[in-house]
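First the structure, in the form of structure tokens, and then the observations on it.
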Amino acid sequence: MTEITTSWICLFSPLVAVIVIALGGNRFSRRAAGVIATGSVALSFAAAVVAFATMLTRAPGNRSHLSTAWTWLSAGNLHFGLSVLVDPLSVFMMLVVSGVGGLIVLYSIGYMHGDDEERRYFAYMAMFVFSMLLLVQGGNLILLLSGWGLVGLSSYLLIGFWHERPAAIAAAKKAFVMNAIGDATFALALFLLIAKTGTLDYGLAFSKAHGLSQTVLILIALGLLGGAVAKSAQLPLHTWLPDAMEGPTPVSALIHAATMVTAGVYLIARTAPIFQLASVVQDTAAALGAVTLVMAGLIALVQTDIKRVIAYSTMSQIGYMFLGVGLGAYASGMFHLLTHAFFKALLFLAAGVVIHALAGEQDIRKMGGLRGLMPKTYAVFLVGALSLAGIPPFSGFFSKDPIIAATLERGGAFGYVMFVLAIGGTFLTGLYTFRLVFRVFHGDRDRFVDETFDTHHGEGPLVMLLPVGVLAIGATLAGWLQVPGGWHGVSSWLQPVAAPILETTNTQEAIASIVSVVLGLAGAGIAWWIYIARRRPAPAAVPAFERKFWFDELYDALFHRPAVTTAKVLYALVEGPLVGGSMAGIAEAVRGLGTGTGRLQTGLVRTYALALAASLAVLAVVFLAVR
Amino acid sequence: MKGPDVTWYLGVAAFMFATGALGVLLRRSPLIVLLSLELMLNGANLALIAFSRLHGGGAGQIFALSVMAVAASEVVVGLGLIVAMARRNLTLDVDKLTWLRG
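Structural data, given as structure tokens:
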């Protein structure tokens, strides 16, 4: 089979699972729904692997193919095909999405066991994977936008999966609204692109973009960046991500590792030609990433919910990816996306094992000393943490450092500010990651743990531990795909699609590696000093971190309250008297008319007869007179 | 054409009709009201037949026949109602039968 056929299989396999589960209903057992969903995503992964292997046999210049099934949408002169683009970048994303996604869906079979609505859950999960695959495989920007919207919808459905919890519904709505803002700017950018170039095919649009004025290009790039920022939870549209933790833990893992938040990074890499023409916007992307990575790291320091700490670390790591692709080091950004998918899925799923074992408790202040009870989980969580903190030889080390080196290569005031923010981020990463490790697994066991931990249940079923183990292996080994000064597996694979703007030297790589490892270890050491050596209560949290830099309050004051006030005023002045008043008036008049007419009906037959005779007489007179 | 002028026939018809109408309006017994209705209908029939004869067409006679059929059916229903009322020992007075008013 060619890579094109397998790509189509990869794309539609999860969609078939969605339809089968949805139509099957009660005819499938709950477990069967999970197996169908897992199987479909596994088939996607297998298809992606075959596509990858087929492409490896071809020359690097001959790896991009566009396959169109039929014209999917046509309006006037515009025709959009239902097409998949098979090139190194999309295959890279297909492997990540279906591979890590498949492991997470497999894990869900154990995690969601016994939930009332397992079938619905698995249908949504498969739909989420399908949406993301459509996003990365779509052969033109309109299909990318369709996948983009479907990802937003799936995330809404899954974050609000436990719909009896008001907090989950609120979080789902928040995520949807924030994403809708990004979708709107994205769509506006596409409208502008259609108006100016008349096409949304990648190649054609990019080649025609060269002739556009700088203003138009900046507007288009800003629109795309708005979409990317919302989907990837970067400043200033990031507030939905931590709230999204209300969903089931595997959903968080899926959102953070395989699908959704990486979409923004993919978008910038995919539309790199436009961003390169509007370099101001590309720098903005890098700056937003750098600020986000520091800010999210600071907030992560004081969170007390195990999943929220990991959520803020995702924001921070996506910040690194934005920094990478913003600086033009596309392969570095994508490489970090790959390793991040492994270790972040690992951390979430391991956290899920902990939460599962502690009857749903997520507060790390009630945990502690779990190392003895859950040795396997501890081991894999430690692998994830070391990888996240960028300690060699784990994967985060290999992928984060090229991004930091790229800031050095960029140079100038901008580059050095980015460098300082990025290495500041590595220090924070070490600190908050190991704060989590020490609070959860080391120290004294909280009384709560003794009361709730179920020794029979232990660390959960094999179906949960197996994916975690595979991810741990991935998080350990994925970094070796690309070793600075050695070989460049990811860079050379992505070279034909997203050629980097800047090349880092070995010296810069070395400086970045040494500084970031030292700072990461320093962060971990301080965490050890605070939480293990001193054995004292943690220092009081800085209010700014605790309140997440008041972003929620700011949006509340800027948008929510004025909207509520306007609505109240309009209700009092317009809705009440005008709309409500007129409705009530009409109803009152009709009722009065009815009562009046009713009174005419006396029930006296002779009165009716008289009325009939009298009116006939009048009519007769009128006819005679008129004639 | 023999016999009296059409005016005479119409005079008798109008008289019958007016008598019937007054009976319907003034009498209170349902039975008499029904009888008066028959008078009105027959007054109308007489007028129809008189004109039919004047113009020499058959339409008026056919109309009169349909009116008779309608009158017969109406009497069946009306008398049935009156019998039903009598069986329930209701006062046979149209002014008292006002339960269906709004």
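Going down the list, the sequences are from chains A and B.
Mapping of the first sequence onto our numbering: residues 8 to 634, in sequence order.
Mapping of the second sequence onto our numbering: residues -5 to 96, in sequence order.
Glycine included, every Cβ here is placed at the ideal spot set by N, Cα and C.
Contacts between G603(A) and chain B, judged by CB atoms closer than 9 Å, are missing: the closest CB pair is about 10 Å apart. Taken in chain order, the complete alpha helix (DSSP H) segments of 4 or more residues contained in the stretch 288 to 364 of chain A are 313 to 334 and 337 to 364. Taking 9 Å as the cut-off between beta carbons, the residues of the stretch -3 to 30 of chain B near chain A are A15, V18, L19, L20, R21, R22, P24 and V27, in sequence order.
Annotation for D250(A): A178 and K181 place their beta carbon closer than 6 Å to its own, counting only its chain and skipping 5 residues before and after. Excluding its 5 nearest sequence neighbours in each direction, Y273(A) has C-beta neighbours in its own chain below 7 Å: M100 and V143, listed in chain order. Near chain B, meaning a CB-to-CB distance below 7 Å, the residues of the stretch 608 to 620 of chain A are Q608, T609, G610, L611, V612, R613, A616, L617 and A620. Secondary structure note for A82(A): its beta strand (DSSP E) is the uninterrupted segment H72 to A82.
Assignment of V184(A) by DSSP, reduced to helix, strand and coil, places it in the helix class.
In this structure, DSSP gives G418(A) a state outside helix and strand, which the three-state scheme calls coil. L207(A) is the residue among L207(A), I410(A) and A579(A) whose C-alpha sits nearest the C-alpha of L148(A). Put simply, the backbone Cα of L199(A) is about 14 Å away from that of H217(A). Within chain A, the C-beta atoms nearer than 9 Å to that of V88(B) come from L611, V612 and R613, in chain order. Bounds of any beta strand (DSSP E) do not take in F45(B); it lies within the alpha helix (DSSP H) bounded by P24 to H49. According to DSSP, residue pairing for Q515(A) in a beta bridge does not occur. The beta carbons of V91(A) and S74(A) sit closer together than 8 Å. In the same chain as G108(A), and ignoring 5 residues on each side of it, the C-beta atoms closer than 7 Å to its own belong to V48, V136, L261, A265 and T266, in chain order. For the pair V236(A) and L242(A), the Cα-to-Cα distance works out to about 7 Å. Nearest Cα to G340(A) within the set A412(A), G156(A), V612(A) and G367(A): A412(A). Under the three-state reduction of DSSP, H495(A) is assigned to strand. Scanning E368(A), S520(A), V93(A) and F129(A) for the CA closest to the CA of A40(A) turns up F129(A). By the Cβ criterion, the stretch 513 to 523 of chain A is in contact with the stretch 400 to 410 of chain A, since at least three pairs of Cβ atoms, one from each stretch, lie closer than 8 Å.
About 3 Å separates the CB atoms of F329(A) and G296(A); that is less than 8 Å, so the two are in contact. Secondary structure within the stretch 192 to 279 of chain A: the alpha helix (DSSP H) runs of 4 or more consecutive residues, fully enclosed, are 209 to 216, 221 to 238, 247 to 250, 256 to 260 and 270 to 277 (chain order). By the rule that beta-carbons nearer than 8 Å mark a contact, T85(B) does not touch chain A.
Cβ contact annotation for A41(B) (same chain, cutoff 7 Å, sequence separation greater than five): L4 and A7, in chain order. Residue environment for H263(A): buried (at least 16 other C-beta atoms within 10 angstroms of its C-beta). A contact is defined here as three or more CB-CB pairs under 8 Å, and the stretch 71 to 85 of chain B meets this definition with respect to the stretch 22 to 33 of chain B. Taking 8 Å as the cut-off, the Cβ atoms of Y327(A) and I306(A) do not count as close. Excluding the 5 residues flanking it on each side, M34(B) has same chain C-beta neighbours closer than 8 Å at M10, F11, G14, A15 and V18, in chain order. Just so you know, the alpha carbons of D559(A) and I188(A) end up roughly 16 Å apart.
A straight line joining the alpha-carbon of S161(A) with that of S259(A) spans about 12 Å. The stretch 473 to 484 of chain A makes contact with the stretch 384 to 404 of chain A, as at least three CB pairs between them are under 8 Å. By the beta-carbon neighbour count (other beta carbons within 10 angstroms, threshold 16), S51(A) is buried. Beta-bridge annotation (DSSP): D190(A) is not paired with any residue.
Nearest neighbour of G154(A) by Cα position, chosen from R172(A), H170(A) and M134(A), turns out to be M134(A).
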